[in-house]
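Residue numbers (my numbering), protein chains in the order written: chain L, 813 to 906; chain V, 585 to 693.
Quick reminder that beta carbons are idealized off the backbone N, C-alpha and C, glycines included.
Here the structure is a predicted model, which means the values were calculated and not measured.
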């Protein structure tokens, strides 16, 4: 399976409305991050949730997002990060 | 609070909202909760529920009011029922009739 992104690459998480079940929480939509790891490919929840096959499977990327960028009133350390796993079709290159 | 404007997906998508104090006390599961857990496992094992995404989707489809009212395993039970109806294992009418029968029986006793 060819992966569209590589470790270290900057990406933006899709900021879109999706009426079907999906696993991208609102608070990361539209946020920028860096790929830190490629995870085992899986089907899209948007399809699997409706008894569809979820094929072809997609590469999942663990994306690191800065916590202070995520939360306007963040009170932790400036270098704190959040890591979240996102399907390939939800990511765009920066 | 997130600085973004993206709308939440549903009642389950609450990260970043003010949740108040968190109850961190331990608790035992009731027997019916263990049964619901086993039912969900078996639905997967038997291929009635093809993916855990189905479990989540049926929970989200309960709507905000029911979602807030039900406990964790009550949501799972509702989702298991919806999955069985969708998969054609039982009809909603059969489920409702059986629930009414049980309610009547427990009223009598």
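- Segment contact: the stretch 829-842 of chain L against the stretch 589-601 of chain V, three or more CB-CB distances shorter than 8 Å; contact assigned.
- In the structure shown, the three-state DSSP call for residue 620 of chain V is helix.
- By the beta-carbon neighbour count (other beta carbons within 10 angstroms, threshold 16), residue 680 of chain V is exposed.
- Listed in chain order, the positions of the stretch 589-607 of chain V with a beta carbon within less than 8 Å of a beta carbon of chain L are 590, 591, 592, 593, 597, 599, 600.
- Across the structure, residue 637 of chain V and residue 828 of chain L are spaced so that their CA atoms are roughly 20 Å apart.
- Residue-level contact check: residue 841 of chain L touches chain V, since one or more beta carbons of chain V fall below 8 Å from its beta carbon.
- A buried status is given to residue 861 of chain L, since no fewer than 16 other beta-carbon atoms sit within 10 Å of its beta-carbon.
- Using a 10 angstroms sphere on the CB of residue 814 of chain L, the tally of other CB atoms stays under 16, which defines it as exposed.
- According to the DSSP secondary-structure assignment, residue 873 of chain L is paired through a beta bridge with L:850, L:898.
- Between residue 852 of chain L and the set L:870, L:824, L:905, L:903, the nearest pair of CA atoms involves L:870.
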